[in-house]
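Everything on this sheet refers to the single structure shown next.
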Amino acid sequence: MSDAADTGALEQRAGHNQSTAEASGGITGRAITVGLIMVVAFTVIGCFGVFLRYELIGTGYLPRGAIFILLALIGANAAMRLAGRLTGRWRLTSRELLVVFLMLMVVGAIAGQEFTQHFYLYLLGVVYYATPDIAPPELYLDSLNPLLLPGTSPQDGPIRWAWEGLPAGMGVPWRAWLMPLAVWTPFFFAVYWLVICFMAVLAYRWEREERLLYPLVEVPMETASDEPSSASQLMRNPLMWWAFAFACVLYSIKGIHAYWPVLPDIDLQRETQTVLGGPWSAFNRIPTHFYPEMVGVTYLLTSEVGFSLWFFYWFQKVEQFARIAVGIDVGHYQFFEFQTMGGYLVLAAALLWSARGHLKRAVAVAVGAFKRDPDAPDAGEPYRLAVIGAIGSIAFIVWWGSWAGLNAAWGLVQYLLFPLVSLVVARVVAEAGMFIYSSPFRLNEAIFQVAGTERIGQQNVTLMTMMSWTQIRSTATMNMAAVAQALKIGSETRADRAKVMGVAMAAIAVAILASHAASLYIIYNWGVPKLGWWPSGASLGTTTRLVRYLEVPTAMQPGDWGAMTLGGAMTWALVSLRRYYVWWPLHPLGFITWMGWPIHRYWMSIFIGWLWKATVVRLGGYRAYNHLRPIAFGLILGVSVILTIWIVIHYFAPAPSIVRE
29 MSDAADTGAL
39 EQRAGHNQST
49 AEASGGITGR
59 AITVGLIMVV
69 AFTVIGCFGV
79 FLRYELIGTG
89 YLPRGAIFIL
99 LALIGANAAM
109 RLAGRLTGRW
119 RLTSRELLVV
129 FLMLMVVGAI
139 AGQEFTQHFY
149 LYLLGVVYYA
159 TPDIAPPELY
169 LDSLNPLLLP
179 GTSPQDGPIR
189 WAWEGLPAGM
199 GVPWRAWLMP
209 LAVWTPFFFA
219 VYWLVICFMA
229 VLAYRWEREE
239 RLLYPLVEVP
249 METASDEPSS
259 ASQLMRNPLM
269 WWAFAFACVL
279 YSIKGIHAYW
289 PVLPDIDLQR
299 ETQTVLGGPW
309 SAFNRIPTHF
319 YPEMVGVTYL
329 LTSEVGFSLW
339 FFYWFQKVEQ
349 FARIAVGIDV
359 GHYQFFEFQT
369 MGGYLVLAAA
379 LLWSARGHLK
389 RAVAVAVGAF
399 KRDPDAPDAG
409 EPYRLAVIGA
419 IGSIAFIVWW
429 GSWAGLNAAW
439 GLVQYLLFPL
449 VSLVVARVVA
459 EAGMFIYSSP
469 FRLNEAIFQV
479 AGTERIGQQN
489 VTLMTMMSWT
499 QIRSTATMNM
509 AAVAQALKIG
519 SETRADRAKV
529 MGVAMAAIAV
539 AILASHAASL
549 YIIYNWGVPK
559 LGWWPSGASL
569 GTTTRLVRYL
579 EVPTAMQPGD
589 WGAMTLGGAM
599 TWALVSLRRY
609 YVWWPLHPLG
619 FITWMGWPIH
629 RYWMSIFIGW
639 LWKATVVRLG
649 GYRAYNHLRP
659 IAFGLILGVS
669 VILTIWIVIH
679 YFAPAPSIVR
689 E
C-alpha cells in the first residue's frame, strides 16, 4: 500500500473517531480509559500530597490538578498536530477532553477534604485514643460493631503500628483492613450515588429552565473548544496568556523565596492588626488575602451576586459591632452559625418549592404515572433512574446504619437533611462560582445541637459522627456541587445524562478504591507522627470533639432559636425581594455564605473582581467586558498550573506551602 493510501486511511480513521465522539457526547471508550487512568494517578498523587505535606492537588470546585491535566492533554493534541497527519487518530476531541475533565472534577476532593484525609485516620484514632485519660473505652468503643474497625483495642497491632511504626520486615496489615473496608465501601458508594441521583433530578431545572450561570464550567468549556482541529480562541488570545504569565510569575516568586529566603517575597495572605477596642473590635484582624483565581471567577459572575458575596461579609461584621455595642460580647460565632442554619433551611425549601412543578413531573415519570412526549425538551432526562436511585440510596444508607447500630430514625434524619444541605452548596457554586465552599456547620453536629445529644443517645451520636466522615465532615467542598458542574458539562457536550451519571459514579468508585490502597500504604509506612501538620493531629482532635459531645449534653437556648429564626426570616425576605423586584441588588446566596473560612479568605479578591467588572461595564459596556474576559480565564488557568507544578516540586524538594488552604 502506498504512503498516500496509508495517510488517507489514517485520516479516515481520525474522522471516524471524531464523528463517534460527537455522536456519543464524548463518552467513548478511549475517553473513559484515559479518564480512569487519570483518576487513579490523580488520587494516588493526591493521597501523598494530603498526608505527607497537606498540599491539595484537587482542592476546590475547579480542581487545579484537573485543569493542569486538561491543559496537558490539550498540549499533547497540539504536539500531535505539529507532528502531522499520522498522529491524528490519537488526538482527543473537545468532547472527549471534557469527559476526562468531568471525571476528574467529581473525584477532585476525594483524595483530600471530602474523604481521604478524614476516614482512615479517624477510624484509627477513635480506637488508638480510647484510653482512660482521653476517651474511656466504655464511652463509645465497647459498644461499637467490631466489623467497622481494623482493631478493637489501642494495643492491637494494626492500630498501634500506625503511630509507633511497623515491626521490622512487616508490611501494611491489609488483612486487618479487609473486613472494615468491605463493610464501609458500599456505604461510601451509596452516599455518592445519592448525591449524583439527587442532583440529576434537578439538573434540567437548573440548566434549561432557570439557566444558571455555572461560571466555573466556563473555564474548561472555553479552554477545550475547537479541539482537536485547532486550539480554542481562548488559547490563542494574547490577553489570556498575559494574565496566565502574571499568575505564574506571582507564585514563582513566592515559590523561589521558600527555597532562598534572602530573595524577595510577596505576602498575598495578610490580615489587619488588633488595634481597635470596644465595639470596633469587630473590625480587628480582617484578612486581606489576594487570590488571582477568585478575582477572575468574580469577573464572570453577575454583578448582584459578586456584590452580595463581599457585602454580607461586612454585614456580619456590622452585626457583631452592634452586639458588642449593646453588651453582648460572647457567643458571636454560635449566633452567626445558627443564623446560617436557618438560612440554609429556608433557602433549601425555597429551591424545592420553586421547582415543585418540575419535581412533580420527574416523580410522575419515574413511577410511570405520566408518559412524556418523545419530542419534549426533557425527553432524554433519566428521571426514573435518578428518582429511584436517590430513594434507594437513602434506604440503603439507613439500613446500613441500622445494621451498624444506628437508630433508623436518626439515620433517616441525617440523610434526608444531607442532600438538602448539599443542594444549597451546589447552588452557591452553580450561581456564585465559589472556588472553595461548604456549609459552615457540620450537619451531624447541627442535629446534635438542635435535638440534644441526650435525646439522641451516645451510640447514635458516635455512629452519626463516624458516618459523617465522608462528605458531611468536609469544611471545603461537597460533592453535589462538583456533580452539578459535571452534569452541566455533559449537557454542553450533548452526552446522554444517564451515561454521564454512570461515568461519574465509575470515576468515584475507582477513586475510593485507589484511595484505600494508597492511604493505608502511606499511613503505615510513614507513621501518623511523621505526616503533615494537619493529618498528624487530626485524629486526636476528632476523638476529643466526639468525647465532648458524649460527655457534655447539648441543648438549644432561646437565643439559638432566635438566631435560627432571624436567619430564616432574612433569607426568606431576600428570596422574596429578589423574586418580585428586578432592581433588588442583594442576593440570598451572599447571606448564607457570609461566614466560614472560605469567605474570610476570599472576600477581598471577590471585591476586586466585582469592582473590576463594574468599572469595565460602566466605562466600556458589555463589549469591553467580553473583550477582557480572557484575562479572567488566564488568571484561573495560570494559578492552577503554577500551584500544581509547585506541589510536584515540593514532593521531591520539600519547602513551605505557597498558599494556606
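Numbering (the numbering used here), first residue to last: 29 to 689. Idealized CB from N, CA, C, for every residue including glycine.
* Asked: How many Å lie between A33 and L132 at the Cα?
  -> Within the sequence shown, the letter at position 5 stands for residue 33. Within the sequence shown, the letter at position 104 stands for residue 132. With a pLDDT of 44 at A33, under the threshold of 50, the modelled position of that residue is not reliable, and the figure given next carries that caveat. Looking at the two C-alpha atoms, the distance is approximately 39 Å.
* What residue range is occupied by the uninterrupted alpha helix (DSSP H) comprising T490? -> In the sequence shown, residue 490 corresponds to position 462, counting from 1. Unbroken alpha helix (DSSP H) run through T490: 486 to 495.
* To do: Taking the CB atoms as reference points, tell me whether V219 and T599 lie closer together than 7 Å.
  => The residue given as residue 219 occupies position 191 in the sequence shown. The residue given as residue 599 occupies position 571 in the sequence shown. No.
* Starting from T316, follow its DSSP beta bridges and name the residues at the other end. => As a first step, residue 316 must be located in the sequence shown, where it is residue number 288. R298.
* Kindly indicate the opening and closing residues of the alpha helix (DSSP H) around K527. => Taking the first residue of the sequence shown as position 1, residue 527 is located at position 499. Residues 525 to 554.
* Consult DSSP for E321 and reduce its assignment to one of helix, strand or coil. => Here residue 321 corresponds to residue number 293 of the sequence shown, with the count starting at 1. E321: helix per DSSP, three-state reduction.
* To do: State the start and end residues of the unbroken alpha helix (DSSP H) segment that holds K399.
  => Walking along the sequence shown from the start, residue 399 turns up at place 371. From DSSP, K399 is part of no alpha helix (DSSP H); its letter is neither H nor E.
* May I ask you to verify whether the region 241 to 260 touches the region 323 to 343, counting CB pairs closer than 8 Å and requiring at least 3? => yes
* Asked: Between the C-alpha atoms of V323 and S466, what's the straight-line distance to the nearest angstrom?
  -> Against the sequence shown, residue 323 aligns to sequence position 295. Against the sequence shown, residue 466 aligns to sequence position 438. C-alpha separation (whole angstroms): 19 Å.
* Asked: Once you ignore the five residues that flank G555 on each side, which residues in its own chain have a CB closer than 6 Å to its CB?
  -> Locating residue 555 in the sequence shown gives position 527, counting from the first residue. Correct list, in chain order: G193.
* To do: Going by CA-CA distance only, name the one from P164, T368, V72 that's closest to W589.
  => What you label residue 589 is simply residue 561 of the sequence shown in a count that begins at 1. Closest option to W589, Cα to Cα, is T368.
* Asked: For W622, which three-state DSSP category applies?
  -> In the sequence shown, counting from the first residue as 1, residue 622 sits at position 594. Coil, per DSSP.
* Asked: Taking the alpha helix (DSSP H) that N435 falls in, what are its first and last residues?
  -> The residue you call residue 435 lines up with position 407 of the sequence shown. Per DSSP, N435 belongs to no alpha helix (DSSP H) and is neither H nor E.
* If you count every other CB in all the chains shown that lies within 10 Å of the CB of E579, and 16 or more means buried, which is it? -> The residue given as residue 579 occupies position 551 in the sequence shown. Classification of E579: exposed, given that the 10 Å Cβ count is below 16.
* Asked: For V229, which option in W612, A394, Y341 has the closest C-alpha, if you only look at C-alpha atoms?
  -> On the sequence shown, position 201 is the one that residue 229 refers to. Nearest C-alpha to V229: A394.
* Asked: Where does K282 land, buried or exposed, given buried means 16+ other C-beta within 10 angstroms?
  -> To locate residue 282, count along the sequence shown from 1; it is residue 254. Looking at its Cβ environment, which holds 16 or more other Cβ atoms inside 10 Å, K282 is buried.
* Asked: If you check the beta carbons only, do G439 and V449 fall under 7 Å apart?
  -> The residue labelled residue 439 in the question sits at position 411 within the sequence shown. The residue labelled residue 449 in the question sits at position 421 within the sequence shown. The answer is no: Cβ separation not under 7 Å.
* Distance between R119 and R41 (C-alpha atoms, nearest Å) -> Locating residue 41 in the sequence shown gives position 13, counting from the first residue. Locating residue 119 in the sequence shown gives position 91, counting from the first residue. In this prediction, R41 scores a pLDDT of 49, lower than 50, which makes its location untrustworthy; the coordinate-derived value is nonetheless stated afterwards. Distance between the alpha carbons of R41 and R119 is about 11 Å.
* Among A111, M249, I422, nearest to F129 - alpha-carbon criterion -> In the sequence shown, the residue the question calls residue 129 occupies position 101. Looking at the Cα atoms, M249 is the closest of the given residues.
* When the Cα of M592 is compared with those of R525, V374, P178, S633, which residue comes out closest? -> By 1-based counting over the sequence shown, the position of residue 592 is 564. Of R525, V374, P178, S633, the residue nearest in Cα terms is V374.
* Asked: Got a sec, what are the start and stop residues for the alpha helix (DSSP H) M369 sits in?
  -> Here residue 369 refers to the residue found at position 341 of the sequence shown. That run of the alpha helix (DSSP H) goes 360 to 382.
* Asked: Taking contact to mean at least 3 C-beta pairs separated by less than 8 Å, is the region 526 to 539 in contact with the region 64 to 84?
  -> yes
* **Cβ-based neighbour list, I670, same chain, cut-off 7 Å, excluding 5 preceding and 5 following** => Numbered from 1 along the sequence shown, position 642 holds the residue referred to as residue 670. Same-chain partners within the cutoff: A275, C276, Y279, S280.
* Whose C-beta lies closer than 8 Å to the C-beta of F76 among residues of the same chain, with five residues either side of it excluded? -> Translated into the one-based positions of the sequence shown, residue 76 becomes position 48. Once the five neighbours on either side are set aside, the close Cβ partners of F76 are A546, I550, Y679.
* Span of the alpha helix (DSSP H), counted from its first residue to its last, around Q348 -> Taking the first residue of the sequence shown as position 1, residue 348 is located at position 320. It spans 331 to 353 - the alpha helix (DSSP H) in which Q348 sits, taken as one unbroken run.
* By how many angstroms is the C-alpha of P405 removed from the C-alpha of I95? -> Along the sequence shown, one-based indexing puts residue 95 at 67. Along the sequence shown, one-based indexing puts residue 405 at 377. For I95 and P405, the distance between alpha carbons rounds to 32 Å.
* Asked: Ordered along the chain, which non-local residues of its own chain (more than five positions away) have a Cβ less than 7 Å from that of G417?
  -> As a position in the sequence shown, residue 417 is number 389, starting the count at 1. The answer, listed in chain order, is W221, C225.
* What distance in whole Å lies between the Cβ atoms of G74 and G88, which are believed to be in contact at a cut-off of 8 Å? -> Position 60 of the sequence shown, counted from the first residue, corresponds to residue 88. Position 46 of the sequence shown, counted from the first residue, corresponds to residue 74. The pair is not a contact, with the Cβ atoms about 13 Å apart (cut-off 8 Å).
* To do: Quick one: measure Cβ to Cβ for G560 and L80, integer angstroms, because I've assumed they're closer than 8 Å.
  => Position 532 of the sequence shown, counted from the first residue, corresponds to residue 560. Position 52 of the sequence shown, counted from the first residue, corresponds to residue 80. About 6 Å; that satisfies the 8 Å criterion.
* To do: Determine the DSSP secondary structure at Q585, reduced to helix, strand or coil.
  => Indexing the sequence shown from 1 puts residue 585 at position 557. Of the three classes helix, strand and coil, the one that applies to Q585 here is coil, per DSSP.
* Asked: Are the region 611 to 626 and the region 304 to 314 touching, with three or more C-beta to C-beta distances below 8 Å?
  -> no
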